[in-house]
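Residue numbers (our numbering): 1 to 77.
What follows is a single structure, written as structure tokens, with notes after it.
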């Protein structure tokens, strides 16, 4: 069995089966049965989840404080 890691993250594994070498991705995806260990390792390496870049978000506007009930000026008239 060959376990692949990318940094400290799990990237998949290759196991020996009766019909060849089975490759699986990091989320349990079946990457197929391959004839050699190298081909199965290449399938796992090619299927590695690539890190996504973070999207910069606009800052949320600050909430405005309101005194009293909205729309009233000096209480009931």
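Virtual Cβ for every residue (Gly too), placed ideally from N, Cα, C.
Can the beta-carbon of residue i be found less than 8 Å from the beta-carbon of residue j?
i: residue 14; j: residue 6; result: no
i: residue 33; j: residue 12; result: no
If you draw a straight line from the C-alpha of residue i to the C-alpha of residue j, how long is it?
i: residue 30; j: residue 38; result: 17 Å
i: residue 9; j: residue 28; result: 14 Å
i: residue 25; j: residue 19; result: 19 Å
i: residue 63; j: residue 3; result: 50 Å
Could you pull the DSSP bridge partners for residue i from this structure?
i: residue 33; result: 22
I want to see whether chain B comes within less than 8 Å of residue i, judged by CB atoms only; does it?
i: residue 55; result: No chain B appears in the structure shown, which is made up of a single protein chain.
So what does DSSP say about residue i, is it helix, strand or coil?
i: residue 12; result: strand
i: residue 3; result: strand
i: residue 28; result: coil
For the structure I just gave you, are there three or more beta carbon pairs, one from the region 33 to 44 and one from the region 53 to 61, closer than 8 Å? No, they do not touch.
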